[in-house]
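Sequential numbering from 0 applies to the sequence shown in numbering that gives the first Met the number 0.
For every residue, glycine included, the Cβ atom is placed at its ideal position computed from N, Cα and C.
Since the structure is predicted, the reported quantities are computational estimates derived from the model, not experimental observations.
Here the structure comes first, spelled out in structure tokens, and everything after it is commentary.
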Amino acid sequence: MRPLGDLLYNLRRSAGLIVLLGSVSPLCVAESADRYPEQVVVTATRFAEPLEQTLSSVSVITRADIQAKQYLTLDEALATVPGVSLSNNGGIGKGTFFFIRGAEADQNLVLVNGVRVGSTTLGTTAIQDIPLEQIERIEVVRGPRSAIYGADALGGVVQIFTRGAGASGAAGLRPEVSVGTGSHGTHRASANLGSRSDRGFWQLGASTLESEGTNACQGFGFPVFVGCFTDEPDADAYRNRAGSFRGGLTLGEATAVEAFAMLTRGRVEYDGSFGNVADFSQANVGVSLSQPLGARTTLHAQIGRATDDTENFDGDVSMSRFDTSRDSASVLVDTKLGDRTVLSAGLDHLRDRVTSSTSYVERDRAAYGAFVQSQWTFGAQELQASIRRDDNEQFGGKTTGAVSWGLEITPALRLTLSGGTGFKAPSFNELYFPGFGNPELGPETSTSFESSLRWREGARRATLTAYQNRIEDLIGIDADFNPVNIDSTRIRGIELELGTQFRGWDLGGSAEWLDPRNRSNGANNGNLLPRRARTVLRADVSRDVGALRLGARLHYAGERFDNLANTQRLGGYATVDLLAEWRIQSAWRLLARAENLFDRDFATAAYFPQAGREFHVTLRWVPTP
């Protein structure tokens, strides 16, 4: 067990870094206003609020970030968020699982434009298949949000907003085209066309991404029971085709209607003893309404559907098929009682269904939820509280809550304290898979606490956060290989985020210290949870040089273990990427990236090596409106 003294030492050391950052020359402050405009987020509270005023730990990845950082996939973009780490099974398009502050992938909620997505059988979302070229913005909330979202928001929430021409800028037609190529036979292309006016907006997009890939898996090992259980030393290809629509219309003075649709289809090759090819598709659609009910009250309503379909093959022989769907509906009313005082209440409904070649005992279930949330501001202090009741057809009722308090010490310095509870509903596989499922399973539950100190003065910014999350009734496997609620964990961590501008340089970085401990009874008590690095460091630097923008980023992850027994060690690694963007003309951009410049060998899952050094080039045409 990592002693508490170590955590306190890291906390003191991080605080020293904040003081050091505050001593940076103020010459850069005046130029920061345009480079760092105030952002508005909605995921933390389900209503719009300035990012700098939220009491939650929130990170935002904008469209500008996606293009400037030259991210290829959604999971690559998420890997740059403090507190988020990934485990990947062998390269682009392969199974990817993300942890938020050590919480498992199935303990984190994923939304697309407010619609709950993911596989109901696995309980996870195939983030590697969501097309990045169709994304306008990503909001990542760290910490439990079950008090306003219900099940599966135990560790945090990732909300994806698809591209729409109504976000900002001048009216008129907006085309955009990009093409790119890179190592391992990777090719990509995208086209987007949209328009906006005073009465509404619309946007259509299409994209393709394909790669010959690398050898996804290098066999398997005993007795650790990991790997792909076969030896297929070939390149494992990936193909992704996607299209999207988003549009909105303003009716009358303030009534707004919006609709979206996103469809993704593709094929992925992998190494496996029971299959080596999968066809997949995801479809997410939704319609929302915003209706004022007076000068201070607004009604928000939404219906949506998300499907996740997969068919697995062994060569040309179909081995299994899993088609899942999630139908959701919500109604939310918020009332502004003052400049920063808001009262919200909402109702949610969710129905999950499964159609499969596997005969499940149950194929659908419904859940209902109701919540109330209040936010008060009094002087330099702010208080936020929420409570929610969920009723699930399978495991009955569950009540969760959260409280946050903020204090503005100075105009530039803010202290926040928060605590909350969360839960994760069992998946269909855990409940009903033939010969394995246990319909008596209850939800996994959590209790978390967080303290944060945020400082921002112009372009200079720093955030220091310490947290603890206890998760009980984790679903594990008993001696008869049946899933039961037996396990527990305790996760502690510290996050530090830094950023500034200095003499034309944009500088940013983060550091994380994580202590994810198994607290279950048995031989694994006190061990580290698998596939989570205890130390992660990130650094970014960039600057403009005439028509060029040059940048570099460093990613370091410490060692981790691949199994509960902590006998399968995965070594730490550090990678360096170089970025360059050439503004050829006002509308044309040529981008180049060297990834893993020093060709570092590493893996985030045992026997699934990551690609070595890669090069990618992109040509983008974005005419000025």
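Three-state class that DSSP yields for residue i in the structure shown
i: arginine 413; result: strand
i: asparagine 275; result: coil
i: serine 206; result: strand
i: serine 145; result: helix
i: glutamine 66; result: helix
i: phenylalanine 427; result: helix
i: leucine 20; result: For leucine 20, the pLDDT reaches just 30, beneath the cut-off of 50, and the residue's location in the model is therefore unreliable, although a value from the coordinates is still provided. Three-state result, leucine 20: helix.
i: leucine 77; result: helix
i: leucine 153; result: coil
i: glycine 393; result: Note that residue 393 is glutamine in the sequence shown, not glycine. Coil at glutamine 393, not helix or strand.
i: threonine 623; result: coil
i: isoleucine 126; result: helix
i: aspartate 105; result: helix
i: glutamine 281; result: strand
i: glutamate 231; result: coil
i: glutamine 38; result: coil
i: glutamine 133; result: helix
i: glutamate 51; result: helix
i: glycine 400; result: strand
i: alanine 32; result: The predicted position of alanine 32 is uncertain, since its pLDDT is 33 and thus under 50; a value taken from the coordinates is nonetheless stated next. Note: alanine 32 maps to helix in three-state DSSP.
i: arginine 362; result: coil
i: glutamine 584; result: coil
i: asparagine 523; result: coil
i: arginine 352; result: strand
i: phenylalanine 312; result: strand
i: valine 225; result: strand
i: cysteine 27; result: With a pLDDT of 30 at cysteine 27, under the threshold of 50, the predicted position of this residue should be treated as unreliable, and no value is reported.
i: proline 291; result: strand
i: leucine 336; result: coil
i: aspartate 197; result: coil
i: alanine 604; result: coil
i: glutamine 158; result: strand
i: leucine 406; result: strand
i: aspartate 543; result: strand
i: arginine 100; result: coil
i: glutamine 380; result: strand
In DSSP terms, what residue i is bridged to
i: methionine 318; result: Per DSSP, none; premise fails for methionine 318.
i: histidine 554; result: Arg537, Thr574
i: lysine 93; result: Answer is none; lysine 93 lacks a bridge partner.
i: histidine 615; result: Gly181, Arg592
i: isoleucine 302; result: Val286, Ala328
i: glutamate 268; result: Val276
i: threonine 190; result: At residue 190 the sequence reads alanine, which differs from the threonine that was named. Val176, Ala205, per the DSSP bridge assignment.
i: leucine 250; result: Thr254
i: glutamate 439; result: Answer is none; glutamate 439 lacks a bridge partner.
i: aspartate 307; result: Gln281, Thr323
i: serine 118; result: DSSP, once it has assigned bridges, lists no residue as partnering serine 118.
i: isoleucine 386; result: Val371, Gly400
i: arginine 568; result: Phe560
C-beta contact flag for residue i and residue j at 7 Å
i: threonine 263; j: glutamine 281; result: yes
i: glutamine 38; j: leucine 54; result: no
i: glycine 441; j: asparagine 484; result: yes
i: isoleucine 493; j: tryptophan 512; result: yes
i: arginine 198; j: alanine 170; result: no
i: valine 225; j: aspartate 600; result: no
i: lysine 423; j: glutamate 449; result: no
i: glycine 419; j: alanine 401; result: yes
i: arginine 559; j: arginine 531; result: yes
i: leucine 414; j: leucine 406; result: yes
i: histidine 183; j: glutamate 211; result: yes
i: leucine 203; j: phenylalanine 244; result: yes
i: leucine 590; j: glutamine 69; result: yes
i: asparagine 283; j: alanine 300; result: no
i: phenylalanine 321; j: threonine 120; result: yes
i: glutamate 257; j: glycine 247; result: yes
i: serine 324; j: arginine 295; result: no
i: aspartate 235; j: alanine 215; result: yes
i: aspartate 270; j: cysteine 227; result: yes
i: valine 341; j: glutamine 374; result: yes
i: serine 487; j: arginine 518; result: yes
Residue i: CB within 6 Å of a non-hydrogen atom of the ligand MG
i: glycine 94; result: As far as ligands go, the structure on display features none, and thus does not contain the ligand MG.
Mind listing, in chain order, the continuous beta strand (DSSP E) runs of no fewer than 3 residues lying wholly within the stretch 465 to 521? 482 to 501, 504 to 517
Answer yes if the stretch 364 to 373 comes into contact with the stretch 67 to 82, meaning at least three C-beta pairs across the two stretches below 8 Å, and no otherwise. no
Take every Cβ of the stretch 273 to 290, pair it with every Cβ of the stretch 61 to 78, and state whether three or more of those distances are shorter than 8 Å. no
Is it a yes or a no for the stretch 133 to 146 touching the stretch 93 to 104, going by three-plus beta-carbon pairs under 8 Å? yes
Whether or not the stretch 565 to 579 and the stretch 535 to 551 are in contact is what I'm after, with contact meaning three or more pairs of Cβ atoms, one per stretch, closer than 8 Å; do they touch? yes
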